[in-house]
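Residue 65 in the UniProt record's numbering sits at position 65 of the sequence shown; the count goes up by one each step and never skips.
For every residue, glycine included, the Cβ atom is placed at its ideal position computed from N, Cα and C.
See below for the structure under consideration.
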Amino acid sequence: MTAGRERRLRDDLPDMLFFLTHPKTVSVGLRDRHQAQPKDLLVPIERLEQEGIAFVRSVRGGGITYHWPGQIVCYPIVALCRNERDIPEYMNKLEQIGIETLESFGVKAHRRRDSAAHLGLWSDGKKVVSMGVRVTNWVTSFGFAINLEGDISPSAYVRPCGIEGAQLTTLQEAIGNAPPREKVIDRVAECFASVFQREPSRTPPGVLEAIRSAAEPIQNMRDG
1 MTAGRERRLR
11 DDLPDMLFFL
21 THPKTVSVGL
31 RDRHQAQPKD
41 LLVPIERLEQ
51 EGIAFVRSVR
61 GGGITYHWPG
71 QIVCYPIVAL
81 CRNERDIPEY
91 MNKLEQIGIE
101 TLESFGVKAH
111 RRRDSAAHLG
121 LWSDGKKVVS
131 MGVRVTNWVT
141 SFGFAINLEG
151 DISPSAYVRP
161 CGIEGAQLTT
171 LQEAIGNAPP
181 REKVIDRVAE
191 CFASVFQREP
201 SRTPPGVLEA
211 IRSAAEPIQN
221 MRDG
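As structure tokens, this is what we get:
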């Protein structure tokens, strides 16, 4: 994502949404990344390695989180317009995209505002969307992850975003089956275009070969 952000900073690329799937990974944000043993990692780092879980010290905001292949990870690389340059409001808009997307599939999700660490979305008391962003010269990177399906048991190795007793859930758990990944991705793109008043279009694969890495189909967003 760094290459994409740098190219957006130079105005070499339009606003874009990257949809990715991460392998099993524990990611630590800026808040705790310099701790040898992050306080919200509940097992030794060596234990993660033994179980094939990567450990990453990230430059995104926020605390610790667990990624796995059953998530849909959305990374907007967006140059915020002058009237959009409000970080709390940007986060609020990302949450709104999550709320509208999940509602489309029969999942009621809501915000919690009793702590800054509670950014993200919750359903039946469990976290279903996690968030962590970085903004450089008003160009965004990183973003949010929707818990779609899969084994979330390794999430017990972390204290998500430093919240004592927090648990994760998935759309699969909430409604009994996981909707098709492609449909969720398309709905996220639709909601993003509406909330941020961008006009989406598919980006030809060859345009992004140098920066797309493991990305799934990418949405190109134009101001509208």
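Item to check | Residue range of the alpha helix (DSSP H) that includes N177 | outcome: If you look at N177, you'll find it isn't in any alpha helix (DSSP H); DSSP assigns it neither H nor E.
Next on the checklist: Please report the straight-line C-alpha distance between F196 and E84, rounded to a whole angstrom.
Outcome noted: C-alpha separation (whole angstroms): 9 Å.
Checklist entry - When you compare only the Cα positions, how much space is there between W122 and A156? => result About 17 Å.
Checklist entry - Is the CB-CB distance between W138 and A79 below 8 Å? => result Contact flag set, yes.
Next on the checklist: Whole angstroms are fine: how far does the CA of G165 sit from the CA of E149?
Outcome noted: About 21 Å.
Item to check | Per-residue DSSP class, three states only, for K39 | outcome: In the three-state DSSP reduction, K39 falls in the coil class, being neither helix nor strand.
Next on the checklist: Taking the straight line between their C-alpha atoms, what separation do you get for G70 and D11?
Outcome noted: When only Cα atoms are considered, G70 and D11 end up about 33 Å apart.
Next on the checklist: With a threshold of 8 Å between beta-carbons, can E190 be considered close to chain C, or not?
Outcome noted: No chain C is present in this structure, which holds just one protein chain.
Next on the checklist: I'd like the list of long-range same chain contacts for E103, defined as Cβ closer than 6 Å, with 5 residues on each side in sequence excluded.
Outcome noted: Within the same chain, E103 has no close Cβ partners at all.
Next on the checklist: Just to confirm, is the Cβ distance from L42 to V26 under 8 Å?
Outcome noted: No, these two residues do not count as a Cβ contact at 8 Å.
Next on the checklist: Let's test the definition: count the other Cβ atoms within 10 Å of the Cβ of V133 and tell me whether it reaches 16, buried, or not, exposed.
Outcome noted: By the 10 Å Cβ count, V133 comes out buried.
Next on the checklist: On the criterion of 16 or more Cβ atoms from any shown chain inside 10 Å, does K127 qualify as buried, or is it exposed?
Outcome noted: It counts as buried.
Next on the checklist: Let me make sure I understand the geometry here. Which of R159, E173 and E46 has the alpha-carbon closest to that of Q167?
Outcome noted: The alpha carbon of Q167 has as its nearest neighbour, out of R159, E173 and E46, the alpha carbon of R159.
Checklist entry - Out of curiosity, what's the CA-to-CA distance linking residue 225 and A54? => result Missing from the structure shown is residue 225; the chain here goes from 1 to 224 and no further.
Checklist entry - Between which two residues does the beta strand (DSSP E) carrying G143 extend? => result G143 -> beta strand (DSSP E) spans V139 to N147.
Item to check | Where A193 falls, given that 16 or more other Cβ within 10 Å makes a residue buried | outcome: Buried, by the Cβ-count rule.
Next on the checklist: the ligand MN and E173: does any heavy atom of the ligand fall closer than 7 Å to the residue's C-beta?
Outcome noted: Absence of the ligand MN is noted for the structure shown, with no ligands found whatsoever.
Item to check | Own chain residues within Cβ distance below 7 Å of D32, not counting five before or after | outcome: A distance below 7 Å between beta-carbons, with the five flanking residues on each side excluded, links D32 to the following residues of its chain, in chain order: P38, K39, D40, G63 and I64.
Checklist entry - To the nearest angstrom, how far is it from the Cα of F142 to the Cα of G61? => result Computed Cα separation, rounded: 9 Å.
Item to check | Option nearest P180 by Cα separation, candidates V129, N147, E199 and I163 | outcome: Answer by Cα proximity: N147.
Checklist entry - If you draw a straight line from the alpha carbon of I99 to that of R111, how long is it in whole angstroms? => result Looking at the two C-alpha atoms, the distance is approximately 9 Å.
Item to check | Start-to-end residues for the beta strand (DSSP E) that takes in S123 | outcome: L121 to S123 is the extent of the beta strand (DSSP E) around S123.
Checklist entry - For K127, which three-state DSSP category applies? => result Note: K127 maps to strand in three-state DSSP.
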